[in-house]
Amino acid sequence: MASFPTSVRLASRKSSSTLTPVRFLGHRSISLQDRPRPFALTRISPAVVVNRVRFSSSSAITATAQTQQRTSPPLTPAQHTQILATQRLSRPVAPHLSIYKPQIHSIASALQRNTGLLLSGGLYIFGICYALNSIVPLGDVTAGTIALAASLGGLGWGMVGWIGKGLVAWTGSFHSINGCLGLLRGTASPEWQSGRGRGL
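Following this line, the structure appears as structure tokens:
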């Protein structure tokens with residue numbers, strides 16, 4: 083077993099020849115050669131940093147900087163309109179809907195909006211006419227409603243009656259069922275929301 087020397091030579095800031103005894107695990111002392119300190123463990127004085135980084139004086143900056151003032155002639159209204167028209171031509175244009183392949187969920191979304199407009203539009207028109215009838219006489223709204231119901235009932239069970247009643251019933255049913263489906267879709271998984279879970 084190799085024997086260790088009796089002292090350790092440590093690097094010192096004041097003198098590199100100083101011998102300092104150091105205990106090694108409670109046994110003999112060891113000596114090491116003077117080694118340079120790592121850069122990460124040394125401190126850099128602020129003077130060194132200032133000497134390394136040279137800042138230009140304000141006079142040198144103002145001497146190299148040049149300012150130029152340019153003025154453009156005022157534009158006429160015709161030139162202004164022409165510039166705006168040129169800028170509008172360079173804007174990207176959204177593609178037409180006809181280039182897209184119709185999808186089931188897009189058709190259902192369009193039908194949902196249109197059936198809602200038809201149902202709510204009829205309700206709003208009837209409500210406005212009923213409210214304005216007390217201010218500006220528009221005729222007997224109640225009699226008009228009774229006449230409308232009688233005309234629908236008078237269609238009978240023929241082809242016209244089935245088609246007319248079916249369209250009105252289908253509009254309300256589709257809007258209600260598809261609205262509930264949209265509410266359920268909002269709480270479903272992302273795959274179901276995107277349509278992949280339903281095979282769309």
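Each position in the sequence shown, counted from 1, maps to that position plus 82 in the numbering used here. Using N, Cα and C, we set each Cβ at its ideal position, and we do this for glycine too. Fair warning: this is a prediction, and the values are worked out from it, not measured in the lab.
Buried or exposed for T197, going by 16 or more other Cβ atoms inside 10 Å?
Buried is the call here.
Between the CA atoms of T149 and Q169 - distance to the nearest angstrom
Straight-line measurement puts the Cα of T149 at about 30 angstroms from the Cα of Q169.
Return the Cβ separation of V201 and G248 in integer angstroms, given the expectation that the two are a contact with Cβ distance under 8 angstroms.
The sequence given here places Leu at residue 201; Val does not occur at that position. That pair is no contact at about 15 angstroms.
Alpha carbon to alpha carbon, how far is G203 from I210?
Rounded to the nearest angstrom, the two C-alpha atoms are 11 angstroms apart.
Can you have a look at H178 and say buried or exposed, based on whether 16 or more other CB atoms are within 10 angstroms of its CB?
Flag for H178 reads exposed.
Can you tell me whether DSSP reads G41 as helix, strand or coil?
Nothing about residue 41 can be reported from this structure: the residues present for the chain run from 83 to 282 only.
Kindly indicate which three-state DSSP category A176 falls into: helix, strand or coil?
Coil, per DSSP.
Pair within 8 angstroms by beta-carbon distance, H257 and Q194
Contact: yes.
Which of helix, strand or coil does DSSP assign to P272?
Residue state, collapsed to three classes: helix.
For I228, three-class secondary structure by DSSP:
Helix, per DSSP.
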